[in-house]
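Remarks on the structure that follows.
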Amino acid sequence: MIDILMATFNGEKYISAQLDSIILQTREDWHLYIIDDASSDKTVEIINKYIKKDPDKITLFENKKNNGNICENFFFLIEKSKGELVFFADQDDIWKRDKLEEMSKLFKANKPMLVFSDMTVIDKHDNITAPSFVKMQALDVKHLTLRKLLVQNCVTGCSMAVNRSLLNVIKIPFSLPLHDWWIACCAVLKGEIIYCKKAYTYYRKHDKNVRGARKNNSLSYILSRINNKDDIKKMLSYTYDTAFELRSAYGASLSSDLKKMLDEIAILKHKGKVIRLLTHFKYGLWKSGIIRKIGQLIYM
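If you're matching positions, the sequence shown starts at 597 in my numbering and goes up one per residue.
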């Protein structure tokens, strides 16, 4: 049995297309869990129409107040899920019909695993703007290590699936803002990550995306990196917070070298630029791409 988890908020424009793409999956043994974060549009009304058609396939939870915390919302759904495999979905994408069937084949029995795939980028009119999200973003998805993932999350939530064996060893830190980043770090630490080159998701880029997609070498991307120092500093802070949470959650089972590395990274939040630079060089804590590395060096 497969569970699909989706967090929604004011998604009336695209959610029908996403729900239709899930319903049309070639593998039919799935259940969709949705949590709505107090939408003010017709999102819940649309979802309820689908539930009325097939109440055994969709379960909806509604937040009374908007908490704006996508990480908390997804971990709530994880705790509700029961399936052996769990897929994560955005409200505004479109899934290719064989996504569940093909990605589920990549899991190995009784081993904690995360599987994620490339995505095809589309615009608000469903036009393809990039055949490969990974290439467009210049992401290094080969041989993912904890050091790589601590500084840059290459695993986009809507492209990933995990098995129950992994969920059983994941400890939930509600203080972190990004569920996919945390799950990926736990997976590389306690299990295995597999990347699939084939794109099984049409990833929609539009004005209201929480996290969008731009070409890594585009002028708009370069200018945004130069001008948006607060975003770079925020992501560095996430790195240090994640290291602290991993050390706290799994310290007893980690090697002494790994404990030392996480300790030295975690305290960087309270250190100056020189110590941060030395530690990043020591452990090779660099993002992929020269533009991202320059941003780290300038704003660290």
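Note that CB positions come from ideal geometry on N, CA and C, so glycine has one too.
Going by CA-CA distance only, name the one from the options that's closest to residue i.
i: ILE779; options: GLY679, MET756, THR716, GLY868; result: MET756
i: GLY885; options: ARG843, CYS792, LYS731, GLU698; result: LYS731
i: ASP688; options: LYS801, MET857, LYS855, LYS883; result: LYS801
i: ILE861; options: SER849, ALA848, PHE877; result: PHE877
i: GLN621; options: LYS660, ILE666, ASN662, GLU697; result: GLU697
i: ILE611; options: VAL758, LYS676, ASP637; result: ASP637
i: LYS720; options: ILE789, ASN659, GLY607, TYR834; result: GLY607
i: VAL870; options: ASP736, PRO727, LEU893, SER677; result: LEU893
i: VAL711; options: PRO651, TYR799, LYS793, ASP686; result: LYS793
i: ALA603; options: LEU774, THR835, GLY847, TYR834; result: LEU774
i: TYR846; options: ILE618, ALA734, PRO769; result: PRO769
So, at 7 angstroms on beta carbons, what are the nonlocal neighbours of residue i in its own chain, with the 5 sequence-adjacent residues on each side left out?
i: LYS653; result: HIS627, LEU628
i: VAL784; result: LEU740, THR741, LEU742, LEU745
i: LYS609; result: none
i: LYS829; result: TYR895
Can you tell me which residues form a DSSP beta bridge with residue i?
i: ASN759; result: LEU681
i: ARG800; result: ILE718
i: TRP626; result: ILE598
i: ILE643; result: The partner list for ILE643 (beta bridge, DSSP) is empty, contrary to what the question assumes.
i: TYR791; result: PHE712
i: TRP691; result: THR797
Between residue i and residue j, what straight-line distance do the alpha-carbon atoms span, to the nearest angstrom?
i: VAL747; j: ASN669; result: 23 angstroms
i: PHE657; j: SER700; result: 26 angstroms
i: SER851; j: VAL640; result: 47 angstroms
i: LYS889; j: LEU832; result: 12 angstroms
i: ASP826; j: TYR879; result: 24 angstroms
i: ILE642; j: TRP691; result: 18 angstroms
i: THR875; j: PHE840; result: 15 angstroms
i: LYS695; j: GLN614; result: 13 angstroms
i: ALA726; j: ASN665; result: 29 angstroms
i: THR752; j: ASP776; result: 6 angstroms
Residue i lies in the alpha helix (DSSP H); which residues open and close that run?
i: HIS775; result: 775-786
i: THR838; result: 825-846
i: ASP853; result: 852-862
i: LEU620; result: Element bounds for LEU620: n/a, residue is neither H nor E.
i: ILE887; result: 886-895
i: SER700; result: 695-700
i: TYR879; result: 869-879
i: GLU668; result: 666-676
i: LEU772; result: Per DSSP, LEU772 belongs to no alpha helix (DSSP H) and is neither H nor E.
i: VAL737; result: Careful: VAL737 lies outside any alpha helix (DSSP H) and carries neither H nor E.
Taking CB distances under 8 angstroms as the criterion, tell me whether residue i reaches chain B.
i: LYS801; result: Structure shown: chain B not included; a single protein chain is present.
Which residues mark the beginning and the end of the beta strand (DSSP E) in which residue i is found?
i: ALA726; result: 724-726
i: MET602; result: 598-604
i: LEU656; result: 654-658
Does the Cβ of residue i lie closer than 7 angstroms to at least one heavy atom of the ligand COA?
i: LYS676; result: Although the ligand COA was asked about, the structure shown includes no ligands whatsoever.
For residue i, which residues from the same chain have a beta carbon less than 6 angstroms from its beta carbon, with the 5 sequence-adjacent residues on both sides left out?
i: ALA673; result: At residue 673 the sequence reads Leu, which differs from the Ala that was named. Within the same chain, LEU673 has close Cβ partners LEU601, TYR629, ILE631.
i: ALA765; result: In the sequence as displayed, the identity of residue 765 is Val instead of Ala. Contacts found: PRO708, LYS786.
i: TYR799; result: ASP689, MET715, VAL717, PHE729
i: LEU702; result: VAL711, ILE790
i: SER849; result: none
Apart from the five residues just before and just after residue i, which ones in its own chain have a Cβ nearer than 8 angstroms to its Cβ?
i: ASN749; result: LEU774, ASP776, TRP777, ALA780
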